[in-house]
Structures are given as structure tokens and as C-alpha cells.
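Trainee: For the sequence shown, position 257 matches number 256 in numbering that gives the first Met the number 0, and the numbering has no gaps at all. Glycine included, each C-beta is placed from N, C-alpha and C at the ideal position.
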Amino acid sequence: MKRLGLARLSAALLLAGAALPVAAQLPAAPAAAPPAQLPPIPAWGGTLEPQDRDERGLWMMSADDEQLIRGSRFVIDDPALNAYVRGVLCKAVGADRCQSVRLYVMRVPVFNASMHPNGMMQIWSGALLRMRGEAELAAVLGHEFAHYERRHSLAGFKQARAATDAALWAAFIPIAGLAVSLGALQGFFIYNQAQEKEADLGGLSFVQRAGYSTAAFADVWERLIAEEDAGRVARGQKPRAGRRSGFFATHPPSAERMTYLRALARQAADTGDPGAASLRAGLGAWFGRFLEDQVKLNDFGGTEWLLADLARRDGWTGQLLSTRGDLYRLRGQDGDMAIAAGLYREALAKGHADPETRRGLGLALLRQGQQAEGQAMLKAYLEAKPDAGDAAMLRMMAGLPSPATAGPTQ
Ligand SMILES: [Zn+2]
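1. Hey, how far is the Cα of L296 from the Cα of G44?
2. Can you name, in chain order, every residue of its own chain whose Cβ lies under 6 Å from the Cβ of S99, other than the five neighbours on each side?
3. Assuming F110 contacts A126 under a Cβ cut-off of 8 Å, what Cβ separation, rounded to an integer in Å, is found between them?
4. In terms of residues, what are the limits of the alpha helix (DSSP H) holding R441?
5. Using the DSSP secondary-structure output, state which residues sit across from L102 in a beta bridge.
6. Could you check the C-alpha separation between L177 and S113 for me, to the nearest Å?
7. Looking only at its chain, what residues have a beta carbon closer than 8 Å to the beta carbon of Q207, apart from the 5 residues adjacent to it on each side?
8. Roughly how many whole angstroms lie between the Cα atoms of P354 and E148?
9. Between which two residues does the alpha helix (DSSP H) containing A112 stretch?
10. From the DSSP output, in three-state form, read off Y190 for me.
11. Would L278 and E133 be called neighbours here (beta carbons separated by less than 7 Å)?
12. In the DSSP assignment, what residue or residues form a beta bridge with D272?
13. Once DSSP output is grouped into helix, strand and coil, what is the label at V74?
14. Looking at P252 and W220, is the spacing between their C-beta atoms short of 7 Å?
15. Taking 6 Å as the cut-off, is the CB of A198 close to at least one heavy atom of ligand 1?
16. For E195, verify whether its CB is less than 6 Å away from any heavy atom of ligand 1.
17. Suppose contacts are defined by Cβ-Cβ distances below 7 Å. Is A339 in contact with R328 by that definition?
18. Assign G361 to one of two classes, buried (16 or more other C-beta atoms within 10 Å of its C-beta) or exposed (fewer than that).
19. Does DSSP put L309 in a helix, a strand or coil?
20. According to DSSP, is I40 part of a helix, a strand, or is it coil?
21. Verify the contact flag: R190, CB atom, against every heavy atom of ligand 1, threshold strictly below 6 Å.
22. Taking G317 as the reference, which of G300, K349, G331 and W304 has the closest Cα?
23. Among F289, L309 and E197, which residue has its Cα nearest to the Cα of L260?
24. Whole angstroms are fine: how far does the CA of L399 sit from the CA of Y103?
25. Do you know how far the Cα of G301 is from the Cα of F171?
26. Suppose the cutoff is 7 Å on Cβ atoms and the five residues either side in sequence are ignored; what does the same chain contact list for M376 look like?
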């Protein structure tokens, strides 16, 4: 498979949000009735090893993918964040299963998580940003582990290899660019309904045993669907027509699935912990960075929905207000600068001390012709961040002399 250079990785990553061809979806197995309760967790049989020629081939491709991922600049190597996410995984699946996982936290602002058959697991920052609590993170990671433990990607690989349908193979070609970021194998990891249900049940069994809320996975899915629809409506598209991007591409959602996930949570008499406070502490300063990444995605409707959803959890904090200000300022349509300025002012009034809020307010005011106040805001920003990357331009906009003329003369 053709490999692109790292320089083009960024562009390829943007494709990760693009729709996959319909033909790439493997045939769905007939859906069974939901079971009355969550299945027991089987004894762990030890780290998986490839068992036949197909699986050895799959593992070799996985090793290639892992090498690519490991060298990617999108890997977040912050030890604290890695330890936190890994801790949630290990709490969910148990210490024995956890040992077989090599976890990579990727800074990619798209909701996605995946696990290769060789034990490489990825979670993207777009997923971390959207978790309302640790229980949801545990549910998503547990779900991926359940696919892995049941060797679901091998089934997809064999099915694809055996397929005589040229359309199925052709479906992998447009994914080539995307493959750079996800690894070459991502195209195979499109699970059918029966596999999804097995992973749902297996994942929820982990979550329940760990003492987390079992409503978590249904909650994640419902919000993802609502956000995706909001983004589509804002772009003038029909809601519900898509849902083949990111996590949806490999884990197709269905109404039936939501019903049984909800029913199982009720039957399990959900009294578990959502773990919201722990999650926020675990993400630390990364939460703000992931918010910034999200705003730059240029998905106004989806981002508006997401910010409102985060505000439903936390209230409109200064950080969320300032981020929303950025969203309007960067869109820059009629009236957006006034809305942005209002949002930045609200953030400042709430004591939000990030200099970036003053920068945003300054730029929004200057765009509206409010010269004096706009320049004062930029000056305040430059005092806090004299070495900002765009300081030279901002000094000019703020009416300040350039450092060359204002600096020491000796
Ligand atoms: Zn799945």
C-alpha cells in the first residue's frame, strides 16, 4: 500500500472525518434479541497470538501500522495523560487483560478509538473531549477491547480476502490516504451488527464489574448522533444521511442498538459512578487544547452543539464562553464579531484569566472598528505573552512600535 510522507499526514488526518464508501461496509448479520442481562466475563486466556496464515499476515500489517503510529507527531506522549487513560482502561478490563495492550493517545480532533489485533489500541483526542465521565471512557475502551478479545478484525479480514466481489476490494482504494493516519488496516475494521452487539455486551460487562455507570455507552452514542446531525443541518445537509465518519465508519450505529443498550442499563439497575470529576482532573490542561483543536475543524454546527452539551454538564464556564467566542470570530459572518465580543466579555466577567480571551476580544473589536478598546485588549495580551508567535503582527495592530525601533539602541 502506498505510504504518504509525514508532511502529508495532517491532510490525511482531515480525511479521517470524511465519509467512507458504502461498499466498505461488511454485510450485516441478522440482529438477535437483546439478552436479559450482561454476559459473565470469561477467564482471560493470556495475550493473543496469531493462529493461522491469515492472522499472521494481519499481525504483520498491524506491526507496520504500529511503527507508523509510534513515529507520528500526533502521538501525545505526556506521561500524566497516558497514565490516566491507561488507568481507566486497566480498571475496566482488569490488570491481566490490560497487560496485552499498548495504548496510544493521539491528538486528532475526531471521535475515534480502535484496537489492532496485535494489541495496539488508539484513542483520539476528539473522543476524550466528548466524554462526560470516566464511565464513558471505560465503555468505549472496553468495547474496543471486546472486539480485540473476540478477534473480530480477523473475521473481517478473512471475509474481505475471500470476497470475490470486486466492489468490496475497490472500497479499500479510496481509504489509502486515510490509511496513513489510521494504519493500513483500518478499512478492515468495519464490524457487522452481530460483532457490534458482542462488543457492546462485553464492554458493558467490564464497565459494570469496574463499578461504573452502565448507561455510559448509550449516552455516548446518543450524543454523537445528535452532534453529527447538528453539524449536517448547519451545512444544509439532511440529518441522519451520513454517520459513516470517524467512529461511525467502523462501528455502525443502529436504533435497535440504542434500545438494547438502554434496556441493559436499566436491567443492571444502574447505580454505578459516572466519574465526571475524575475525568476532568485526568485530562487537566489537555481539555483546553482539545477545545482549541475542535474550533479549528470548521464544523460550526457540530461545535456549537458540542459546546452547549459541555455547558449542560459544567455550566457556561469562562473557558467555554471564550471558546465559543473563537468559534464565532473564526466564522466571521455578518454579526459574528459582535456575538464573539459579547462572549469574550462574559468570559472575562467570569474571571477567566486566559490571555487568549483578550486577544480574541481585541481582534473582534478591531474588526468592528472599535479601535481604542481593541488595541487596549491586544496590548494587554502582548504584556502577558510578549513572545507569542504572532506578536509582531499584533504589535502593529495594537499601534505599538516594532521591537526593532523600540528596543535598546546600544
Ligand atoms: Zn464496535
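Mentor: In short, the structure shows the following:
1. 42 Å
2. T46 and G118
3. 5 Å
4. Summary: the structure shown does not reach residue 441, with the chain confined to residues 0 through 409, and so no result is reported for it.
5. M120
6. In this prediction, L177 has a pLDDT of 40, which is less than 50 and means its spatial position is unreliable; what the coordinates show is noted afterwards. Those two C-alpha atoms are separated by around 14 Å.
7. L37, T213, A267 and G271
8. 47 Å
9. Counting along the chain, A112 falls outside any alpha helix (DSSP H), though it belongs to the beta strand (DSSP E) covering A112 to M114.
10. coil
11. yes
12. Y211
13. strand
14. yes
15. yes
16. yes
17. yes
18. buried
19. helix
20. coil
21. In the sequence as presented, Arg is not what sits at residue 190; that position holds Tyr. At least one heavy atom of ligand 1 is nearer than 6 Å to the Cβ of Y190, so yes.
22. K349
23. E197
24. 45 Å
25. Caution applies to F171, whose pLDDT of 40 falls short of 50 and renders its modelled position unreliable; the value that the coordinates give is listed next. Cα-Cα distance, rounded: 28 Å.
26. R357, L360, G361 and L364
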